[in-house]
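Chains as they are written, first to last, in this note's numbering: chain A, 1 to 352; chain B, 353 to 778. Have a look at the structure below, then the notes.
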């Protein structure tokens, strides 16, 4: 149970269940959204681009959070499901001239259906075995895109995607694309937050904690596991579609196993099973990666003799080290640290 | 009341100050466009990803060139040149992010190099919208056509295969022999750059030469026996790859382990298979990795190699490396190409400045000048750049072959067959 600030009480069930409970929460939300929505006007394009990337990856990691964090099913194929969404969206946009408002949901739905197919083994297997079965998706899907479906996907050559358009408005810069990706990410986060508070979310959590017990309690584990896979891959498909519009060129190489593992790492660093955790994890690791790359280049300038070593090795090395140290010292993720900070603030000036 | 008046005065003063600051900055910016403090070359490439080890010499090469150019030539009309480099780790997302950073710089860059190929491909529309030219290393037809704002500084992959095979056919030992070619390349967009309809059509038109099979392997593969057996069964006597780094080495080692490796171009015995590679497979790093099994490999190159020690261009660059106390491990293709490209880029910028002043250094002007560069030799003949407004990549090559561990030219510089997609031939 979260502590309320002094003087704040929940007098009814509705208030107790509200996501934003106090006028302060509402005020903070309005200010945050207001600042966020005018930020492209005063932020540098590369920072807006980074925000877009964070929002986009947050959607896919949020999907993974529903599957792994809420429902306890491991997936190592999230990037492949993104590929399905990306290619369905791109094909609809390029070959059938679908507007992005239609192509994006179609891509998400396509990925959701494929995800359910790869989720079927989850009924019989779990843990590492399920990870292996989702890993199969990571090999099968890019191989299908590269070869048998090359006639429509362009195979290993990239498939170029037009910038999304709405009437005369073209979303072809980071500043304009921001207004597509960020609202979708906010809606996706809001839905994920609500899923965790509904009967579906509680069923997911029951399955995660003990699927046998959940079954005994009357939860249809088959249905809920597949639903978790569907929602997870639906999110991945939406992120994939946005990816296609964001980069305006997609290639099977964009959706490799290391991306899937990175998404899982983001979730672990952020805090599994926590909605803000997924966003924190994505933000933290993407910003860290950008900073480390810059650091490596600058170190190369100061120590020219070791420039090659710095530029080639320091980024992956430090990136890995930060994750390892993070897991050792804060295994519950950034979300837990955030909760600790909030509680400390609420209980101030007392430390207990 | 008094406080309110004070507040109003403060607000008015703040606004006035902001307005003045803006005006001063605008004047400053306008003055900057007349003659910049420095001219900057923007580069993003894979420095820490899969191609990182091959691109290790990028920053030293660019820095050495700038130092030499600024001290020896006095910069471009007195304006020193500088570089801004961003590492994208071979990831498209980071490549696009770096581009987004560059495109908003004031004054807007006229050009840059945004590698690798798939980053350039993702930027294709953006470059056209922003009118920024990408002078990079790719020569794949699907990426460069229709001609846009991408120019490759290497020879077309399909055309160079054709040029090499024509050279082979002219060799006395191969004149009356049937050349059966098998393409064995990486299963990615770069590798499949030689799976080209125009190349297939070209092979069909040749006498005594046939393209009999196409096979692929993964960049992670360390053995290609299965593919080689299939090619051997179809009677292939020449295998051509479009790979880099470990790619040509894997093919050569597999052939060697199967007793099929031909190390001498004159060896036309039926149980031997010869190898040819693309421009990127001819670099010194490939020879270092492969060692003796690379003997006999041929490849197309528009640039000199480090093994041509008597060539004035190699002597010049070696001298520069010594001056800068550079490690000999940096003697790579990247070092040479960066120097050659920078020499051409600075030459073009200088020409534009001479004709139109610094205001004229725009993407449109740079693109026009670059695409109209005809047979331009740079840095003591390090390479000859030759472009055409309808042909945004190098047109001519020399055939090189590995002999006694050295990659040396075996032909003169000559124009390659034109294998552009037919709709873009003018």
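For each residue, glycine too, the CB sits at the ideal point set by N, CA and C. Predicted model, so just to flag it, every value in this text is computed and none were measured.
Residue 539 (chain B) places its beta carbon less than 8 Å from that of residue 568 (chain B). Boundaries cannot be given for residue 682 (chain B), as no beta strand (DSSP E) includes it and DSSP labels it neither H nor E. At the C-beta level, residue 564 (chain B) and residue 601 (chain B) stay beyond 8 Å of one another.
Residue pairing of residue 434 (chain B) in beta bridges, as defined by DSSP: B:392. A straight-line Cα-Cα distance of about 54 Å links residue 142 (chain A) and residue 11 (chain A). DSSP, read as helix, strand or coil, puts residue 9 (chain A) in coil.
Where residue 563 (chain B) is concerned, there is no enclosing alpha helix (DSSP H), although the beta strand (DSSP E) around it starts and stops at 561-569. Nearest Cα to residue 228 (chain A) within the set A:40, A:52 and A:78: A:78. For residue 655 (chain B), the three-state secondary structure derived from DSSP is strand. Rounded to whole angstroms, the separation of the alpha carbons of residue 288 (chain A) and residue 657 (chain B) is 39 Å. By the criterion of a C-beta distance shorter than 7 Å, residue 60 (chain A) is surrounded in its chain by 78, 82, 235, 236, 239 and 263, once the five residues flanking it on both sides are discounted. Under DSSP, residue 628 (chain B) forms a beta bridge with B:592 and B:650. Annotation: the continuous beta strand (DSSP E) that includes residue 488 (chain B) extends over 485-488. Annotation: the region 77-124 of chain A contains the following complete segments of the alpha helix (DSSP H) (minimum length 4 residues), in chain order: 78-95 and 100-119. Proximity to residue 742 (chain B) across B:699, B:758, B:690 and B:720 peaks at B:720, based on C-alpha coordinates. Neighbourhood of residue 423 (chain B) in chain A, by CB distance below 8 Å: empty, with the nearest CB roughly 17 Å away. Under the three-pair Cβ rule at 8 Å, the region 45-60 of chain A counts as touching the region 180-200 of chain A. Nearest to residue 543 (chain B) by alpha-carbon distance, out of B:503, B:495, B:554 and B:595, is B:595.
Boundaries of the alpha helix (DSSP H) around residue 191 (chain A): 174-195. Listed along chain A is no residue with a C-beta nearer than 8 Å to that of residue 394 (chain B); the closest approach is about 13 Å. Ranked by how close their Cα comes to the Cα of residue 773 (chain B), the residues B:684, B:508 and B:482 have B:508 in first place.
Under the Cβ distance rule, residue 435 (chain B) does not count among the residues neighbouring chain A, no pair being separated by less than 8 Å. When the five nearest sequence neighbours on each side are left out, no beta carbon in the same chain lies closer than 7 Å to the beta carbon of residue 456 (chain B). The region 146-164 of chain A makes contact with the region 87-106 of chain A, as at least three CB pairs between them are under 8 Å. As the crow flies, the alpha-carbon of residue 57 (chain A) is around 11 Å from that of residue 267 (chain A). Note on the region 456-515 of chain B: whole beta strand (DSSP E) runs with a minimum of 3 residues are 463-466, 485-488 and 502-504, in chain order. In the structure shown, residue 290 (chain A) falls within a helical segment according to DSSP collapsed to helix, strand and coil. Interface annotation, residue 95 (chain A): not in contact with chain B, CB-CB separation never under 8 Å. At a beta-carbon threshold of 9 Å, none of the residues of chain A lie near residue 687 (chain B); the nearest stands roughly 12 Å away. Nearest Cα to residue 47 (chain A) within the set B:448, B:391 and B:395: B:448.
Comparing alpha carbon positions, the residue from B:759, B:487, B:634 and B:466 closest to residue 692 (chain B) is B:487. With 16 or more neighbouring CB atoms inside 10 Å of its own CB, residue 122 (chain A) falls in the buried class. Contact annotation: residue 276 (chain A) and residue 335 (chain A) have beta-carbon atoms nearer than 8 Å.
At a C-beta separation below 8 Å, residue 456 (chain B) has these neighbours in chain A: 44, 45 and 46. Residue 198 (chain A) has a beta carbon lying at 8 Å or more from every beta carbon in chain B. Only those residues of the region 232-253 of chain A whose C-beta falls short of 9 Å from the nearest C-beta of chain B are listed: 243, 246, 247, 248, 249, 250, 251, 252 and 253.
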